[in-house]
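What follows is a set of notes on a single structure, which appears directly below.
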Amino acid sequence: MKSRKLTLLIGIVIVSIATARPAPAQSTSAWTGYYFANPNLQGAPALVRDDANIDFNWGNASPAPGIPADNFSVRWTRWLYFDAPGNWTFVITVDDGARLFVDDQLALDAWQDQQATTRSITLNLTQAFHRVRLEYYDRSGAAQAQLQILSAHFPDWRGEYFNNATLSGTPTFTRNDSALNFNFGTAGPGGGIAADKFSARWTRSLYFRAGRYRFATRTHDGARLWVDNQLLIDRWRDQRVTTWTGEIALAEGDHLIRMEYYNASGAGIASLTWSALSGGAEIWRGEYFDNAGLTGAPAFTRDDAALNFNWGSASPGAGVSGPNWSVRWTTKRALTLPGYYTVTATADDGVRVWVNNTLLIDEWHDQSPTTYAALVYLASGTHDWRVEYYNHGGVAALAAQITPGAVAPDARTSPAPATGDIAIDTQSAYFVKRGADDAWQTAPNGYGGTAFALKNNPFAQLESKWARWYAPLPRPGLYDVAVYVPANIGTTRGARYAIAHADAYDWRTLDQTLYANQWVSLGIYYFSATGDEYVALSDATFESARATTLVVDAVRFSAR
Numbered sequence: 038m039k040s041r042k043l044t045l046l047i048g049i050v051i052v053s054i055a056t057a058r059p060a061p062a063q064s065t066s067a068w069t070g071y072y073f074a075n076p077n078l079q080g081a082p083a084l085v086r087d088d089a090n091i092d093f094n095w096g097n098a099s100p101a102p103g104i105p106a107d108n109f110s111v112r113w114t115r116w117l118y119f120d121a122p123g124n125w126t127f128v129i130t131v132d133d134g135a136r137l138f139v140d141d142q143l144a145l146d147a148w149q150d151q152q153a154t155t156r157s158i159t160l161n162l163t164q165a166f167h168r169v170r171l172e173y174y175d176r177s178g179a180a181q182a183q184l185q186i187l188s189a190h191f192p193d194w195r196g197e198y199f200n201n202a203t204l205s206g207t208p209t210f211t212r213n214d215s216a217l218n219f220n221f222g223t224a225g226p227g228g229g230i231a232a233d234k235f236s237a238r239w240t241r242s243l244y245f246r247a248g249r250y251r252f253a254t255r256t257h258d259g260a261r262l263w264v265d266n267q268l269l270i271d272r273w274r275d276q277r278v279t280t281w282t283g284e285i286a287l288a289e290g291d292h293l294i295r296m297e298y299y300n301a302s303g304a305g306i307a308s309l310t311w312s313a314l315s316g317g318a319e320i321w322r323g324e325y326f327d328n329a330g331l332t333g334a335p336a337f338t339r340d341d342a343a344l345n346f347n348w349g350s351a352s353p354g355a356g357v358s359g360p361n362w363s364v365r366w367t368t369k370r371a372l373t374l375p376g377y378y379t380v381t382a383t384a385d386d387g388v389r390v391w392v393n394n395t396l397l398i399d400e401w402h403d404q405s406p407t408t409y410a411a412l413v414y415l416a417s418g419t420h421d422w423r424v425e426y427y428n429h430g431g432v433a434a435l436a437a438q439i440t441p442g443a444v445a446p447d448a449r450t451s452p453a454p455a456t457g458d459i460a461i462d463t464q465s466a467y468f469v470k471r472g473a474d475d476a477w478q479t480a481p482n483g484y485g486g487t488a489f490a491l492k493n494n495p496f497a498q499l500e501s502k503w504a505r506w507y508a509p510l511p512r513p514g515l516y517d518v519a520v521y522v523p524a525n526i527g528t529t530r531g532a533r534y535a536i537a538h539a540d541a542y543d544w545r546t547l548d549q550t551l552y553a554n555q556w557v558s559l560g561i562y563y564f565s566a567t568g569d570e571y572v573a574l575s576d577a578t579f580e581s582a583r584a585t586t587l588v589v590d591a592v593r594f595s596a597r
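With our numbering as the guide, the letters of the sequence shown map in order to residues 38 to 597.
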């Protein structure tokens with residue numbers, strides 16, 4: 038596993054806000070590793086070096102000259118910037134013992150002889166630099182030490198891909214996968230990995246409401262699934278495309294999901310889904326007031342499964358008797374995918390809608406039934422919603438809905454057919470980028486006047502940068518996806534574009550040196566027009582570190 042910092046994309050209405058990073062007294066871009074020729078971290082270290090990641094599977098070999106193959110120990114320390122407040126999950130896989138400290142507080146204690154074992158802990162951290170320390174020892178036999186850090190709000194799965202069917206050694210590459218729904222066919226996952234005899238490991242921390250859940254893997258060939266390190270599905274064998282399920286009760290909160298997969302031969306297929314069997318459903322907590330101003334104590338409080346009411350002239354419940362009354366509903370909603378969401382509200386009379394205390398719809402006045410809509414970009418993770426409503430005599434009605442994608446406020450109106458091209462520039466509200474601001478260098482001659490230039494990384498790692506162009510498509514259908522490549526900027530031969538469309542995920546690699554001031558097609562794909570589909574580009578090119586430059590410019594969707 039490769040340690041990496043993961044970025045929370047704050048749910049916003051179109052605008053992103055940058056946050057300054059206060060530097061600690063000691064900051065480093067690598068782990069400082071202190072290697073000891075004994076298993077107890079005693080005395081002076083025999084070797085001190087910088088390690089880019091804690092991702093080691095030494096087997097029976099020595100970790101470095103001067104260090105024995107058995108009975109050695111290591112202490113790694115590093116200041117890491119956690120760029121969002123909230124829950125972060127630390128995952129260690131070790132053979133033999135390990136201890137994890139965060140801000141000098143013991144977080145995980147597995148200081149014992151053991152075969153390769155994975156443990157995790159979730160900590161609530163402030164947005165700041167934190168000091169992380171991992172101590173490790175190997176007694177004898179195979180030696181392995183890996184640390185992974187996941188944000189509960191990171192919008193992707195962390196996928197590690199191996200050029201063997203046993204998840205052995207170091208991953209050939211690591212990337213962000215927005216969903217586990219792959220049909221690799223006979224081409225394999227790319228990145229230098231063969232179509233047969235490959236394997237992958239995906240991990241992610243996700244929020245769940247309290248309830249009982251059924252998880253389902255669909256694979257050709259083997260699959261294993263863990264929830265909070267509990268093995269739920271174990272079908273590690275060659276097989277035709279088969280679906281296996283497992284059930285588990287989860288408390289409300291963040292839970293670590295890990296899926297492992299291998300393909301022996303033939304078409305590679307791997308997907309993961311889940312559904313709530315009990316609990317888990319969206320519940321709105323409704324506070325009903327016997328006045329139109331939400332004042333005083335509520336007349337009664339109840340849970341409402343959905344906001345879709347047509348009371349007419351009737352009372353909404355006991356304790357509300359007059360024609361003037363109001364309601365406040367609140368809920369938490371967990372989103373598994375980032376993207377643009379449409380919020381619609383139909384009210385007679387007044388209505389207001391908030392997400393994360395941001396007012397989206399403000400129509401607090403007497404009116405006949407009227408529909409309103411707002412478009413908001415939300416990261417994956419948990420969001421707080423609030424809907425307020427009042428009735429001032431006459432008929433009372435309220436309906437509110439949160440829908441992925443840009444949709445018409447009135448569902449009875451069919452969207453107009455797609456006409457012309459839809460080009461998303463780097464200045465568009467549908468463009469999202471991640472990474473330190475100083476890494477995104479402005480370049481001239483882009484599609485809209487300017488573009489961005491990025492130095493490459495050999496693979497996805499702690500400081501990886503990426504961009505996404507969300508597809509605001511008016512209707513489902515086939516679209517030609519093209520990227521604009523300006524002249525004399527891109528020097529990479531391995532720009533890897535991901536096309537997330539209709540629950541599928543396709544990759545295309547582009548040699549940017551071959552094009553100058555022109556649109557380059559990535560292919561024709563079917564899109565569902567749900568608003569959460571996108572094209573993505575990361576700085577991971579599998580070339581030597583910072584050896585090439587990627588140009589990041591516009592993406593165009595053309596109906597076919």
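Backbone N, C-alpha and C define an ideal beta-carbon position, used for all residues, glycine too.
According to DSSP, what are the bridge partners of D87?
-> For the purposes of this step, residue 87 is taken as the residue at position 50 of the sequence shown. Residue pairing for D87: DSSP places it in a beta bridge opposite T69.
What is the DSSP secondary structure of Q549, reduced to helix, strand or coil?
-> Stepping through the sequence shown from its first residue, residue 549 is reached at position 512. Here Q549 sits in helix by DSSP.
A288 versus T254, Y244 and L262, residue with shortest Cα-Cα distance | For the purposes of this step, residue 288 is taken as the residue at position 251 of the sequence shown. Ranking T254, Y244 and L262 by Cα distance to A288 puts Y244 first.
Counting only the same chain and skipping the five closest in sequence on each side, list residues whose C-beta sits under 6 Å from that of S236.
-> Within the sequence shown, numbered from 1, the residue matching residue 236 stands at position 199. Excluding residues within five positions, the ones whose Cβ falls inside 6 Å are F199, A202, L204 and Y299.
Nearest residue (CA-CA) to I306, options L510, Y534, T254 and T368 | Taking the sequence shown and counting its residues from 1, the one referred to as residue 306 is at position 269. Looking at L510, Y534, T254 and T368, the one whose alpha-carbon comes closest to that of I306 is T254.
What are the boundary residues of the beta strand (DSSP E) that includes L344?
-> Stepping through the sequence shown from its first residue, residue 344 is reached at position 307. Unbroken run through L344: none, as it is neither H nor E.
Bridge-paired residues (DSSP) for V518 | Walking along the sequence shown from the start, residue 518 turns up at place 481. Note: V518 sits in a beta bridge opposite G560 and F594.
Residue interval of the beta strand (DSSP E) (run including P481) | Here residue 481 is taken as the residue at index 444 of the sequence shown, counted from 1. Going by DSSP, P481 is part of the beta strand (DSSP E) stretching over Q478 to G483.
Neighbour-count burial assignment, I561, 16 or more Cβ in a 10 Å radius | What you label residue 561 is simply residue 524 of the sequence shown in a count that begins at 1. It counts as exposed.
Comparing the CB of W113 with every heavy atom of the ligand NAP, is any distance shorter than 8 Å?
-> Looking for the ligand NAP in the displayed structure turns up nothing, as the structure carries no ligands at all.
Where does D92 fall in DSSP's three states?
-> Sequence index remark: in the sequence shown, residue 92 carries index 55 (1-based). Assignment of D92 by DSSP, reduced to helix, strand and coil, places it in the strand class.
Neighbourhood of A508 by C-beta distance below 7 Å, restricted to the same chain and skipping five residues each side = The sequence position of residue 508 within the sequence shown is 471, counting from 1. Excluding the 5 residues flanking it on each side, A508 has same chain C-beta neighbours closer than 7 Å at F564, E570, Y571 and F594, in chain order.
What number of angstroms, rounded off, separates the C-alpha of W503 from the C-alpha of H429?
-> Along the sequence shown, read from residue 1 onward, the residue named residue 503 stands at position 466. Along the sequence shown, read from residue 1 onward, the residue named residue 429 stands at position 392. Answer to the nearest angstrom: the Cα atoms are 50 Å apart.
Euclidean distance between Cα positions of N345 and W321 = Locating residue 345 in the sequence shown gives position 308, counting from the first residue. Locating residue 321 in the sequence shown gives position 284, counting from the first residue. Approximately 11 Å between the Cα atoms of the pair.
Hey, how far is the Cα of F210 from the Cα of N494?
-> Looking up residue 210 in the sequence shown gives position 173. Looking up residue 494 in the sequence shown gives position 457. Distance between the alpha carbons of F210 and N494: 11 Å.
List the endpoints of the continuous beta strand (DSSP E) containing W401.
-> Taking the first residue of the sequence shown as 1, we reach residue 401 at position 364. Where W401 is concerned, there is no enclosing beta strand (DSSP E), given that its DSSP letter is neither H nor E.
Pick from V390, S405 and I439: whose alpha carbon is nearest that of R423?
-> For the purposes of this step, residue 423 is taken as the residue at position 386 of the sequence shown. Residue V390 holds the alpha-carbon nearest to the alpha-carbon of R423 among V390, S405 and I439.
For D475, three-class secondary structure by DSSP = Taking the first residue of the sequence shown as position 1, residue 475 is located at position 438. Residue state, collapsed to three classes: helix.
Please work out which residues of its chain come closer than 8 Å, Cβ to Cβ, to R277, disregarding the five sequence neighbours upstream and downstream, and give them in chain order.
-> Stepping through the sequence shown from its first residue, residue 277 is reached at position 240. Excluding positions up to five away in sequence, the list reads H257.
Could you check the C-alpha separation between G103 and Y72 for me, to the nearest Å?
-> Counting from 1 along the sequence shown, the entry for residue 103 is found at position 66. Counting from 1 along the sequence shown, the entry for residue 72 is found at position 35. Here the alpha carbon of G103 sits roughly 9 Å from the alpha carbon of Y72.
Mind the definition here: the segment 408-417 touches the segment 378-387 only if three or more C-beta pairs lie below 8 Å; say whether that holds.
-> At 8 Å Cβ cutoff, the stretches touch.
Would you mind sorting V588 into buried or exposed? The rule is 16 or more other CB atoms within 10 Å of its CB.
-> Position 551 of the sequence shown, counted from the first residue, corresponds to residue 588. Flag for V588 reads buried.
Reduced DSSP secondary structure (H/G/I, E/B, other) of D265 = The residue given as residue 265 occupies position 228 in the sequence shown. In this structure, D265 counts as coil in the three-state DSSP scheme.
What are the start and end residues of the beta strand (DSSP E) that includes S242?
-> Within the sequence shown, numbered from 1, the residue matching residue 242 stands at position 205. That run of the beta strand (DSSP E) goes F235 to F245.
With a threshold of 16 other CB atoms inside 10 Å of the CB of A224, please say whether the residue is buried or exposed.
-> Working through the sequence shown from its first residue, we reach residue 224 at position 187. Exposed, since its Cβ has fewer than 16 Cβ neighbours within 10 Å.
When the Cα of G359 is compared with those of A343, V388, T383 and A329, which residue comes out closest?
-> The sequence position of residue 359 within the sequence shown is 322, counting from 1. Selected option, being the one with the closest Cα: A329.
Could you tell me if P452 is buried or exposed, where buried requires 16 or more neighbouring beta carbons within 10 angstroms of its beta carbon?
-> Position 415 of the sequence shown, counting from 1, holds the residue named residue 452. Residue placement at P452 cannot be trusted, given a pLDDT of 35 that sits under 50; the coordinates are not used to answer.
Start-to-end residues for the beta strand (DSSP E) that takes in R512 = Residue 512 sits at position 475 when you count from the first residue of the sequence shown. Bounds of any beta strand (DSSP E) do not take in R512, whose DSSP letter is neither H nor E.
Sequence-distant residues of its chain with Cβ nearer than 7 Å to I91 (five each side left out) = Your numbering for residue 91 matches position 54 in the sequence shown. The answer, listed in chain order, is S40, W68, W113, L171, A182, Q183 and L184.
Note down, in chain order, each residue of its chain lying with its Cβ closer than 8 Å to the Cβ of Q151, except the 5 sequence neighbours on either side.
-> Residue numbering aside, residue 151 sits at position 114 when the sequence shown is read from its first letter. Around Q151: V131, D132, D133 and G134.
Quick one: Cα of V169 to Cα of Q142, how far?
-> The residue you call residue 169 lines up with position 132 of the sequence shown. The residue you call residue 142 lines up with position 105 of the sequence shown. Between V169 and Q142, the C-alpha separation is close to 9 Å.
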